[in-house]
């Protein structure tokens, strides 16, 4: 390859390299640098070096601990619930017929709607009985003769409400991935098992589950990363309340920058968040490789 | 797989349809509420009438239009997704082609570094990215606030390592013979890329464009950070604001939400297959 062709190759990749450098790696470096300095929101330049002071401030901040706890709680509930439900729905709807096709489509539709729209919608559905009228869920409880629930206005129920809504929204996507995994299992395996007298549960346990183990690990990994990035649902449905019971790590970072106006603090929290997300992703990737190796 | 289901036939079908209806109930309620008079929304919650828009009215849509700046907001959102998708093709396409077909020193190292950027999602770098984009705020004096915001909403997301990765995979799977024939006809690298490789990579291009559309039409966090003036907002941010703007009218809010959803519903109806395939294959979303 001569010099001219090397030049052409450079021109082909240069715009992408420059933009990703400026808008992804640049900010990542700026984040680690700013996290070690003092900088207010309106300061154009980085202030004095302050060592690990911002990290210590984040670590000691009860709001951050609450945000980390809430996000972990959300993730620990959403990931298994969504993965198991998606798997069950995929196994159920993997077949011919218009009724199964209808169910597949119905489960997929919420994933096509933005989290903003669905957060606004579910906030109205969860509305407690009051002067403005009750939301659909409390209306349903009333018509069944059950007591009203506070839902999003209760510190104990709010995060669970957000979990339910999030599982409902995201399960269709995971179901679709499982469905494509199920198609790769050859029908002959099931036929052979049937001839051998395997029951329904045995076929699921010894053919379906091993067949989709790698894709299950993948689905769990995607769902975990998504859950950790929780922001829109609590931001719009509860604003992080009541009593900080739903504030997420991303909202903490956002508020550190724009409400407390402390970019150093926000960047330190962002750096911690990055390390945790990456560590979890790497661990899960290892597990994924391990499961593939076992297959 | 049909063997797995013990009870096939009528019972199973009825259960599937029932679950489908229950699952979609919130979305059906949204559509129904957007068409009902405000008072009826609140009196109907404890009965099945809740899902029936009778009497129907267009008043909520009129109110959403009157009380907000829907026109400019929709125009902004369309502009942003089109800019990202078009800019993305012009930037990621050649890069992916070079990584797939051209040989130059450092190619694999550079490619790996670019792909590594996937581990830095927007939620992680949102604040420093805001700081980076702010350093260009002087340009607002020349461009005007609205054009500057559109640029700030789109330019940072045009180059995407994930899209380069996906397109490169596809270019690698194409037979080289077509390109070699074009070279023999005297075409240069750009000609081969633009007239041979790109048209043959249509499924991958559609996937990339659809993913960009969905992700950025639905984005809330970045517009929240960037948009200062009301007429620079995108549709999701507009909804987030209208939702808390008194007097609260559920009907008008639901009408706005339906309008924010319809364009993406069309995109999904058209492209669901491609989106799901790409994610199933690569395991990464957005």
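Protein chains in written order, with this note's numbering: chain A, 52 to 346; chain B, 95 to 380. All residues carry an ideal CB built from backbone N, CA and C; glycine is no exception. This structure is a prediction, so every number in the text was calculated from the model and none was measured.
Residues of chain B whose Cβ lies closer than 8 Å to the Cβ of residue 321 of chain A are, in chain order, 218, 219, 220, 221, 222.
CA-CA distance, residue 310 of chain A to residue 149 of chain B, rounds to 45 Å.
Taking a C-beta distance under 8 Å as the contact criterion, residue 61 of chain A and residue 252 of chain B do not qualify as a contact pair. Residue 210 of chain A counts as buried, since at least 16 other C-beta atoms from the protein chains shown sit within 10 angstroms of its C-beta. For residue 88 of chain A, the three-state secondary structure derived from DSSP is strand. In this structure, the straight-line span from the alpha carbon of residue 270 of chain B to that of residue 196 of chain B is close to 12 Å. Taken through DSSP and simplified to helix, strand or coil, residue 177 of chain A comes out as coil. Proximity of residue 357 of chain B to chain A, defined by a Cβ-Cβ separation below 8 Å, is not satisfied. The contact set of residue 215 of chain B on chain A, defined by CB atoms closer than 7 Å, consists of 280 in chain order. Collapsing the DSSP output to three states places residue 306 of chain B in a helix. Judged by pairs of C-beta atoms under 8 Å, the region 334 to 346 of chain B does not touch the region 296 to 311 of chain B, as fewer than three such pairs exist. Near chain A, meaning a CB-to-CB distance below 7 Å, the residues of the region 115 to 139 of chain B are 117, 118, 120, 121, 123, 124, 136, 139. For residue 251 of chain A, the number of other beta carbons within 10 angstroms of its own is below 16, and it is reported as exposed.
Beta-bridge partners assigned by DSSP to residue 313 of chain A: A:91. For residue 257 of chain B, the uninterrupted alpha helix (DSSP H) run begins and ends at 255 to 267, by DSSP.
The distance from the Cβ of residue 318 of chain B to that of residue 290 of chain B is about 42 Å, inconsistent with a contact at the 8 Å cut-off. For the region 96 to 130 of chain A, no residue has a beta-carbon sitting nearer than 7 Å to a beta-carbon of chain B. Between residue 174 of chain B and residue 328 of chain B, the C-beta gap is smaller than 8 Å, which places the two residues in contact. Between residue 239 of chain B and residue 326 of chain B a beta carbon distance of about 6 Å is seen, short of the 8 Å cut, so the two are scored as contacting. From the beta-carbon of residue 226 of chain B, the residues of chain A found nearer than 8 Å are 73, 74, 77, 78, 81. By the CB criterion at 8 Å, residue 128 of chain B and residue 349 of chain B fall inside the cutoff.
Against chain A, a Cβ distance below 8 Å from residue 206 of chain B picks out nothing, because the smallest value is about 13 Å. A distance of 8 Å or more separates the beta carbons of residue 218 of chain B and residue 202 of chain A. Taking a cut-off of 8 Å for Cβ pairs, the region 258 to 272 of chain A and the region 122 to 129 of chain A do not touch, as fewer than three such pairs fall below it. A:86 is the residue among A:59, A:86, A:189, A:284 whose C-alpha sits nearest the C-alpha of residue 323 of chain A. Residues 122, 125, 299, 301 of the same chain have their beta carbon placed closer than 7 Å to that of residue 281 of chain A, with the five preceding and five following residues left out of the count. Rounded to whole angstroms, the gap between the alpha carbons of residue 266 of chain A and residue 296 of chain A is 33 Å.
Taking C-beta atoms as the reference points, residue 172 of chain A and residue 206 of chain B fail to come closer than 8 Å. In the DSSP assignment, residue 305 of chain A is bridged to no other residue.
Taking one beta carbon from each stretch, the region 180 to 194 of chain B and the region 248 to 263 of chain B have 3 or more pairs nearer than 8 Å; the two touch.
For residue 160 of chain A, there is no enclosing alpha helix (DSSP H), as DSSP marks it with neither H nor E.
Take residue 303 of chain A, set aside five residues on each side of it, and the residues of its chain with a beta-carbon closer than 7 Å to its own are 114, 115, 118, 320, in chain order.
Neighbours of residue 63 of chain A in chain B, taken as residues whose beta carbon is under 8 Å from its own, are 188, 189, 191, 192, 196, 283, 287 in chain order.
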